[in-house]
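Just below is one structure, and these are the notes that go with it.
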Amino acid sequence: AIALMPQELGLVQTLSVFHNVYMGRLGTHATWYNLANLIRPFEREVAAVTAALEPLGLAGKIWARVGELSGGQRQRTAVARVLYQDAGVLLADEPVSALDVTRADDVMTALTRTYKTAVLAMHDVELALRHTNRIIGIDSGRVVLDEPSDRVNAQDLWPLYDYARETG
Numbered sequence: 009a010i011a012l013m014p015q016e017l018g019l020v021q022t023l024s025v026f027h028n029v030y031m032g033r034l035g036t037h038a039t040w041y042n043l044a045n046l047i048r049p050f051e052r053e054v055a056a057v058t059a060a061l062e063p064l065g066l067a068g069k070i071w072a073r074v075g076e077l078s079g080g081q082r083q084r085t086a087v088a089r090v091l092y093q094d095a096g097v098l099l100a101d102e103p104v105s106a107l108d109v110t111r112a113d114d115v116m117t118a119l120t121r122t123y124k125t126a127v128l129a130m131h132d133v134e135l136a137l138r139h140t141n142r143i144i145g146i147d148s149g150r151v152v153l154d155e156p157s158d159r160v161n162a163q164d165l166w167p168l169y170d171y172a173r174e175t176g
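Heads up: the sequence shown runs through residues 9 to 176, numbered per my numbering.
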């Protein structure tokens, strides 16, 4: 199975953090189970969602409506959903773009502990180098770099970004 975390997070603003995270496993349960859990969440599901929220610093927000959260808290809710999903592979587009440096490190640690195989689109090259074991650079649809992370540095990656071309 593949867990997907697009830049557009796909959260339901009027539902709680719990319900948005629980959506990561909707396909693993029968419809009646999901409906019952929507109305009165089962203890084991609350415990599992809480476990996904804890490393992200969101366990205290489990019953808050997503629409009441900050942008960073919303992004961490989406991260919790893919952690809770626990699929074999993660595809994520800028999974930590709304987070400060310390929180981004914590979230990347949680993601890389859960997913041994992940394809991440990231613009924070230092963070990518710290938390991945392979870097693939794409320019105009072509692979122009494919190296272990410990063989490249940030300066090697900057030419792949438009801002580096613009500032020359």
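Where a beta carbon is used, it is the ideal one built from N, C-alpha and C, also for glycine. Quick caveat, the model's predicted, so the values are computed rather than measured.
Item	Value
DSSP three-state assignment for S157, whether helix, strand or coil	helix
Three-state secondary structure (DSSP) of A11	strand
Closest Cα partner of T120 within the set D147, H131, D108 and V90	V90
Segment limits, beta strand (DSSP E) that includes V100	For the sequence presented, residue 100 should be read as Ala rather than Val. A100 -> beta strand (DSSP E) spans V97 to D101.
Per-residue DSSP class, three states only, for L128	strand
Residue from Y92, A136, A38 and I144 whose Cα sits closest to the Cα of A55	Y92
Endpoints, the beta strand (DSSP E) within which D147 is located	R142 to D147
Length of the line joining the Cα atoms of R52 and V133	38 Å
Paired residues, beta bridge with L48 - DSSP	The question names Leu, but residue 48 in the sequence shown is Arg. Bridge partners of R48: none, in fact.
Beta-carbon gap between L95 and V104 smaller than 7 Å	Rather than Leu, the amino acid found at residue 95 in this sequence is Ala. No, the Cβ-Cβ distance between A95 and V104 is not below 7 Å.
Assigned secondary structure, V87 (DSSP; H/G/I helix, E/B strand, else coil)	helix
Straight-line gap, R173 to E155 (C-alpha atoms, nearest Å)	Note on R173: pLDDT 49, under 50, position unreliable in the model; no value is reported.
Counted within 10 angstroms of its Cβ, other Cβ atoms place R84 as buried (16 or more) or exposed	buried
The alpha helix (DSSP H) enclosing R177, as first and last residue numbers	Because the chain is modelled from 9 through 176, residue 177 falls outside the range shown and cannot be assessed.
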